[in-house]
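Below: the structure, in C-alpha coordinates.
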Amino acid sequence: MQLAVGKIVEGKVTGITKFGAFIELPEGKTGMVHISEIAPTYVNEIRDHVTENQVVKVKILSISEEGKISLSMKRAMERPARQAPRRTGPGRPDNYDWNSGKRNENMSFEDMLTKFKQTSDDKISDLKRYTDGKRGSGRRGQSK
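Residue numbers (our numbering): 6 to 149.
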(Lines of atoms letter the chains of each structure in order from A and count residues from 1; the text may use other names and numbers.)
(Lines give C-alpha, C1' and ligand atoms only; values in the text may rest on other atoms or scores of the structure.)
Protein backbone atom coordinates (compact mmCIF):
# COMPACT_ATOMS: atom_id res chain seq x y z
CA MET A 1 0.00 0.00 0.00
CA GLN A 2 1.38 3.39 -1.03
CA LEU A 3 1.47 6.04 1.73
CA ALA A 4 0.09 9.39 0.59
CA VAL A 5 -0.80 12.68 2.23
CA GLY A 6 -4.47 12.74 3.25
CA LYS A 7 -4.78 8.97 3.49
CA ILE A 8 -6.12 7.35 6.66
CA VAL A 9 -4.27 4.19 7.70
CA GLU A 10 -3.92 1.96 10.73
CA GLY A 11 -0.69 1.71 12.63
CA LYS A 12 0.72 0.44 15.90
CA VAL A 13 2.02 2.72 18.66
CA THR A 14 5.69 1.86 19.11
CA GLY A 15 6.81 4.65 21.42
CA ILE A 16 5.48 7.51 23.51
CA THR A 17 7.36 10.71 24.42
CA LYS A 18 6.40 14.00 26.08
CA PHE A 19 5.78 15.59 22.68
CA GLY A 20 4.09 12.79 20.72
CA ALA A 21 3.68 9.15 19.83
CA PHE A 22 5.55 7.13 17.22
CA ILE A 23 3.42 4.93 14.99
CA GLU A 24 4.58 2.00 12.89
CA LEU A 25 2.82 2.24 9.55
CA PRO A 26 2.32 -0.27 6.74
CA GLU A 27 5.48 -1.05 4.73
CA GLY A 28 7.50 -0.85 7.96
CA LYS A 29 7.71 2.95 7.96
CA THR A 30 7.37 5.03 11.12
CA GLY A 31 5.58 8.34 11.58
CA MET A 32 4.94 10.62 14.51
CA VAL A 33 1.72 12.04 15.96
CA HIS A 34 2.46 15.35 17.68
CA ILE A 35 0.76 15.85 21.08
CA SER A 36 -1.51 18.50 19.52
CA GLU A 37 -2.80 15.91 17.03
CA ILE A 38 -3.61 13.13 19.53
CA ALA A 39 -7.17 14.14 20.45
CA PRO A 40 -9.67 16.92 19.70
CA THR A 41 -9.38 18.07 23.33
CA TYR A 42 -6.40 19.40 25.28
CA VAL A 43 -3.88 16.62 25.92
CA ASN A 44 -1.73 16.98 29.02
CA GLU A 45 -0.49 13.39 29.21
CA ILE A 46 -0.30 11.33 26.00
CA ARG A 47 -0.48 8.06 27.94
CA ASP A 48 -4.05 8.98 28.96
CA HIS A 49 -5.02 8.57 25.28
CA VAL A 50 -2.79 5.83 23.86
CA THR A 51 -0.68 2.92 25.05
CA GLU A 52 2.26 1.16 23.46
CA ASN A 53 1.32 -1.62 21.01
CA GLN A 54 -2.18 -0.12 20.59
CA VAL A 55 -3.48 -0.12 17.01
CA VAL A 56 -4.77 3.33 16.02
CA LYS A 57 -6.13 5.06 12.93
CA VAL A 58 -4.05 8.00 11.74
CA LYS A 59 -4.24 10.49 8.91
CA ILE A 60 -1.05 11.28 7.02
CA LEU A 61 -0.52 15.05 7.22
CA SER A 62 2.80 15.36 5.45
CA ILE A 63 5.81 13.45 4.22
CA SER A 64 9.04 15.45 4.17
CA GLU A 65 11.84 15.09 1.65
CA GLU A 66 13.88 13.37 4.36
CA GLY A 67 11.07 10.81 4.75
CA LYS A 68 9.65 12.09 8.06
CA ILE A 69 5.94 11.33 8.25
CA SER A 70 3.68 13.65 10.22
CA LEU A 71 0.46 12.03 11.44
CA SER A 72 -2.80 12.99 13.16
CA MET A 73 -5.11 10.82 15.21
CA LYS A 74 -7.73 13.50 15.81
CA ARG A 75 -8.14 14.22 12.08
CA ALA A 76 -8.59 10.50 11.39
CA MET A 77 -11.57 10.29 13.76
CA GLU A 78 -15.01 10.24 12.23
CA ARG A 79 -16.78 13.32 13.39
CA PRO A 80 -20.53 13.55 13.67
CA ALA A 81 -22.09 16.16 11.43
CA ARG A 82 -21.88 19.51 13.15
CA GLN A 83 -25.14 21.07 14.11
CA ALA A 84 -25.54 24.69 14.99
CA PRO A 85 -26.30 25.09 18.68
CA ARG A 86 -29.94 25.73 19.41
CA ARG A 87 -30.29 29.02 21.18
CA THR A 88 -33.45 29.75 23.04
CA GLY A 89 -34.54 32.36 25.52
CA PRO A 90 -35.18 36.07 25.39
CA GLY A 91 -32.97 38.03 23.05
CA ARG A 92 -31.72 34.93 21.27
CA PRO A 93 -31.75 34.56 17.48
CA ASP A 94 -34.26 31.68 17.51
CA ASN A 95 -36.89 33.97 19.00
CA TYR A 96 -36.57 36.59 16.28
CA ASP A 97 -39.21 36.50 13.61
CA TRP A 98 -37.10 37.03 10.52
CA ASN A 99 -40.15 37.29 8.28
CA SER A 100 -41.98 39.97 10.25
CA GLY A 101 -40.00 42.87 8.77
CA LYS A 102 -41.32 42.58 5.24
CA ARG A 103 -39.18 44.49 2.85
CA ASN A 104 -40.71 47.19 0.80
CA GLU A 105 -39.43 46.38 -2.67
CA ASN A 106 -40.49 49.82 -3.88
CA MET A 107 -38.14 51.70 -1.53
CA SER A 108 -34.96 53.16 -2.98
CA PHE A 109 -31.62 52.46 -1.37
CA GLU A 110 -31.52 56.02 -0.04
CA ASP A 111 -34.98 55.58 1.55
CA MET A 112 -33.91 52.31 3.19
CA LEU A 113 -30.71 53.94 4.44
CA THR A 114 -32.64 56.89 5.87
CA LYS A 115 -35.05 54.52 7.60
CA PHE A 116 -32.15 52.51 9.02
CA LYS A 117 -30.40 55.66 10.30
CA GLN A 118 -33.61 56.89 11.94
CA THR A 119 -34.20 53.54 13.63
CA SER A 120 -30.57 53.47 14.76
CA ASP A 121 -30.78 57.02 16.15
CA ASP A 122 -33.97 56.12 18.03
CA LYS A 123 -32.32 53.07 19.59
CA ILE A 124 -29.23 55.05 20.60
CA SER A 125 -31.30 57.82 22.21
CA ASP A 126 -33.33 55.18 24.11
CA LEU A 127 -30.10 53.58 25.28
CA LYS A 128 -28.66 56.93 26.39
CA ARG A 129 -31.86 57.79 28.22
CA TYR A 130 -31.76 54.41 29.99
CA THR A 131 -28.08 54.64 30.97
CA ASP A 132 -28.39 58.29 32.08
CA GLY A 133 -31.22 57.24 34.39
CA LYS A 134 -28.96 54.56 35.88
CA ARG A 135 -25.99 56.89 36.36
CA GLY A 136 -27.91 60.02 37.23
CA SER A 137 -27.98 63.11 35.11
CA GLY A 138 -24.23 63.27 34.81
CA ARG A 139 -24.23 66.88 36.06
CA ARG A 140 -23.25 66.25 39.69
CA GLY A 141 -20.38 68.23 41.05
CA GLN A 142 -20.52 70.79 38.24
CA SER A 143 -20.90 74.44 39.14
CA LYS A 144 -23.31 76.69 37.33
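The beta-carbon is built from N, C-alpha and C at its ideal position, and this holds for glycine as well.
Cα-Cα separation, residue i to residue j
i: R134; j: T119; result: 22 angstroms
i: E71; j: D53; result: 31 angstroms
i: K73; j: G36; result: 7 angstroms
i: I51; j: M78; result: 12 angstroms
i: V10; j: V61; result: 17 angstroms
Exposure of residue i, with buried meaning 16 or more beta-carbon neighbours within 10 Å
i: L132; result: exposed
i: A26; result: buried
i: G16; result: buried
i: V48; result: buried
i: E115; result: exposed
i: V38; result: buried
CB of residue i within 8 angstroms of CB of residue j, strictly
i: V63; j: A44; result: no
i: I28; j: T19; result: yes
i: I68; j: L76; result: no
i: V14; j: L30; result: yes
i: E32; j: L8; result: yes
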